[in-house]
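One structure below.
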Amino acid sequence: MQRWTTILFLTGLSIVLFAIITPLVLGQSPMLVGKLINASAVNDTGAANLVTAVVLAYRGLDTLGELAILFTAATAIGIILGTTDKTQTTSSPTAGFIVATAAKVLFPLLLVFALYIILHGHLTPGGGFQGGAVLAAAFFLLTLADSGNNIKHKVTQVIEALAGTAFIVLGLVSFALQGVFLQPWLDKGELGSLFSAGSLPLLYLALGLKVGAELANLLSSLANVEK
Amino acid sequence: MSIIQSIALLLLFLSVLLVIIRFILGPGSADRIVAADSLSVLGTVVLVGLAAVLKNSIYLDIALVYSALAFIAIVVLAHIMEQK
Amino acid sequence: MNIIILVITVSMLVIAAFYVVWADSFFTVLAASSMVSVGLVLLFVLLRAPDVALTEAVVGVALTGVIYALTLAKIDLWKINDNDDNNDVSQSKQ
Amino acid sequence: MQLIGDIFFLSGTIFLFLGALGLIRMPDVYNRIQAGTKAVTLGSILTLMGIFFYFPQWWGHLCLIILFLLFTNPVSSSALARAFYRNGISVWTKTK
C-alpha cells in the first residue's frame, strides 16, 4: 500500500517538475505585488537585495514571528534532551587527527564567511538565517573534532537572549521615532555600499546571532547526549 | 559560446550522469554514500559553471556555501558510523 | 544546452526522491536526501532564484543531514536490517 | 586570455569525467573513493582556474572556493574511508 502511494507521489512530483521546466504558457501570473515592490523598494529601504527589503522592511513582523517559532522549537528540543552541561565526555571517540586539524583550520574561515553572509545580507543573497546556520555549523565542527570542547550552553543562551532583545529594541526605537513598529530608520546611505539600507543590517546581525546561537545549542545538545 | 566550451560543459554533465549511474547500481549503501560525496563536489563545479554561463557573480556565493558545508554532513556520517 | 541541464537535474531529483522513499538502509536514505538537495539547488539556480537556492544549500546540506543523522544515532535506528548487499555498512557489524 | 581559459576548462572537465568514469569502473569502495577524490579535486580546481581566466574580476570568490574544496574534499573522503574500514567493509582481493 505504502509503495503504491509512493509511486503516485513520485509521478505527481515528476509531472510538476516537468511542467515547471517546460515554458509556462498556462496563464501568465499578474504579479501586481511584485511589480509594485520592484518599483518602490529601492527608494523605500535602500537595500540592493529586494528579498531583504521584503523580509525585514515590508514583512518585519512576519520575521519576528518566524524567530518566535524557531525559539519555541529549540526550547522544546532543549527540554526533551536536557542541557547536560557536565564536562565528562561520553564514550564517543575523537574523530581522528585529520578531521581535528581540518576543523582547526576551517573554523576561522567558516566564522569569517558566516559574518560575510550576514553583513552582506542587504547586498547579495543571504542574510540572517543562512549566515546563522553557517555559524552553527562552524561551532558544531569544533564539537565534532573533539567531543571535549563542547560549547558553553550558558554563553549561547546569553547571546541568544541579547540578540533577540536587540531585534525588538530596534523595532521599539523606530516605534518611538516614527510611530511604526519595525519601520526602517537610520540613514539609507548610498545604494550598494556596505553601510547602507539604514537599520536593516543591524536587524540581520541580531537575527543571525540569534539563529546561530540557537542552532549551535541544538546541534551540540543532540550530539552529546548519553545514550 | 565557443565549441570548446560546449564540449567541456557536455563532459561535465556526462560526469554527473555517470555519478548518478553509480548511485543507482551501487551494490551497497557505502557506494551510494561515496557517490553522494562526489556529487557534492561536482555540484559545486556545476554551480560555478552556471554562474559563468549566466554571467552573474551572485551565484558564486551559493557555490561557496555548498563547498564549505557539504562535507560536514559526510563527516558526521563517518563519525556516527565509527561510534557503532 | 539549457534543456540538457534541466533534464539531467530533474531526473536526478526524481531518482533520488525514489531512493529516499524506497531504500531500506538509512545510510542510503541520507545519501539520497543529499542528492535531492543538490538537485534542488541546481533547479533553483536555473529558475533564477539565488536567495532560495542559498537557503536550500544551507538548510538541505548542513542542517537536515546533520540533524537527521544525529537523531537516528540517538534513537539507535542504524542497525536496521537492510539487504542491499552482503558487505553493507550496518550488516557487517553483527 | 580566452585561449588559456579554454585549455584549463577543457582539461578540468576531462579530469572530472575521468574521475566519474573511475567511480563506475573501480571494483571496490576504497578504489572508488580514491577515484572520486583525487581526480575530481584536480579537475574541479582546473575548471575553476579556467573560469578565472574567463572572468578575472571574480578572483576572490574563486580563490575561496578552491581553498574550501582543497580542504574539505580530502578530509571528508579520508574520514569516510576510515569509518568504512573500521566497520569491516571488505577490501577487494582479486588483484592479479
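Residue numbers (my numbering), protein chains in the order written: chain Z, 736 to 962; chain R, 212 to 295; chain L, 57 to 150; chain U, 53 to 148.
Note that beta-carbon positions come from the ideal geometry of N, C-alpha and C, so glycine has one too.
All of these numbers come straight from a predicted model, not from anything done at the bench.
Return yes when the Cβ of residue j is within less than 8 Å of the Cβ of residue i, no when it is not.
i             : j             : result
residue 71/U  : residue 98/U  : no
residue 857/Z : residue 803/Z : no
residue 114/U : residue 105/U : no
residue 943/Z : residue 863/Z : yes
residue 704/Z : residue 74/L  : In the structure displayed, chain Z extends from 736 to 962; residue 704/Z sits before or after that span and is not available.
residue 953/Z : residue 868/Z : no
residue 274/R : residue 258/R : yes
residue 230/R : residue 253/R : yes
residue 957/Z : residue 126/L : yes
residue 247/R : residue 81/L  : no
residue 891/Z : residue 941/Z : no
residue 283/R : residue 796/Z : no
residue 108/L : residue 100/L : yes
residue 107/U : residue 216/R : no
residue 852/Z : residue 866/Z : yes
residue 78/U  : residue 87/U  : yes
residue 68/U  : residue 223/R : yes
residue 786/Z : residue 798/Z : no
residue 880/Z : residue 127/U : no
Taking residue i as the query, report the chain L residues whose CB atoms sit under 8 Å from its CB, ordered along the chain.
i             : result
residue 860/Z : 106, 107, 109, 110
residue 932/Z : The premise fails here: residue 932/Z is roughly 16 Å from chain L at the closest Cβ pair, so nothing lies under 8 Å.
Check the Cβ of residue i against every Cβ in chain U and list those closer than 8 Å, keeping chain order.
i             : result
residue 241/R : 81, 136, 141
Can you confirm whether residue i, when its beta carbon is compared against all beta carbons of chain R, has any partner nearer than 8 Å?
i             : result
residue 61/L  : yes
residue 114/L : yes
What does residue i reach in chain U if we use C-beta pairs closer than 7 Å?
i             : result
residue 292/R : 135, 139
Since residue i meets chain L, which of its residues come closer than 7 Å, beta carbon to beta carbon?
i             : result
residue 806/Z : Simply none; closest approach about 16 Å.
residue 249/R : Neighbours of residue 249/R on chain L: none; closest Cβ ~11 Å, over 7 Å.
Going along chain R, which residues have a C-beta under 9 Å from residue i?
i             : result
residue 874/Z : Correct list: empty, because the minimum Cβ distance to chain R is about 11 Å.
residue 869/Z : 276, 279, 280
Along chain L, in chain order, which residues have C-beta atoms closer than 9 Å to that of residue i?
i             : result
residue 955/Z : In chain order: nothing, as chain L lies at least about 10 Å away.
Listing by chain order, which chain Z residues have their CB less than 7 Å from the CB of residue i?
i             : result
residue 74/L  : 745
residue 269/R : 859, 860
Does residue i come within less than 8 Å of chain L when only Cβ atoms are used?
i             : result
residue 892/Z : no
residue 837/Z : no
residue 236/R : no
residue 273/R : yes
residue 259/R : no
Is residue i close to chain U, meaning its C-beta is less than 8 Å from at least one C-beta of that chain?
i             : result
residue 223/R : yes
residue 285/R : yes
residue 217/R : no
Does the CB of residue i have a neighbour CB from chain Z at under 8 Å?
i             : result
residue 220/R : no
residue 231/R : no
residue 118/L : yes
residue 127/L : yes
Quick one: which chain R residues come within Cβ less than 7 Å of residue i?
i             : result
residue 107/U : 263
residue 929/Z : Here the premise fails: no neighbours, minimum Cβ distance about 15 Å.
Sequence ranges, beta strand (DSSP E) only - wholly within the stretch 102-127 of chain U, length at least 3: List check, beta strand (DSSP E) in window: nothing returned.
Every unbroken alpha helix (DSSP H) within the stretch 766-816 of chain Z, with a cutoff of 4 residues, ordered by chain: Complete alpha helix (DSSP H) runs here, min 4: 767-780, 795-816.
Every unbroken alpha helix (DSSP H) within the stretch 64-130 of chain L, with a cutoff of 4 residues, ordered by chain: The stretch 64-130 of chain L contains these whole alpha helix (DSSP H) runs: 82-102, 106-113, 121-130.
Proximal residues, the stretch 839-861 of chain Z versus chain R, C-beta separation under 7 Å: Close to chain R, meaning a Cβ-Cβ distance shorter than 7 Å, are the following residues of the stretch 839-861 of chain Z: 845, 848, 859, 860, 861.
Contact list for the stretch 121-133 of chain U against chain R, Cβ threshold 7 Å: Within the stretch 121-133 of chain U, the qualifying residues are 121, 124, 125, 127, 128, 129, 131, 132.
Positions along the stretch 53-64 of chain U whose CB lies within less than 7 Å of some CB in chain R: Of all residues in the stretch 53-64 of chain U, only 58, 61, 62 come within less than 7 Å of chain R when Cβ atoms are compared, listed by chain position.
Cβ-based contacts, 8 Å cut-off: residues of the stretch 74-89 of chain L near chain Z: Of all residues in the stretch 74-89 of chain L, 74, 77, 78 have a Cβ within less than 8 Å of some Cβ in chain Z.
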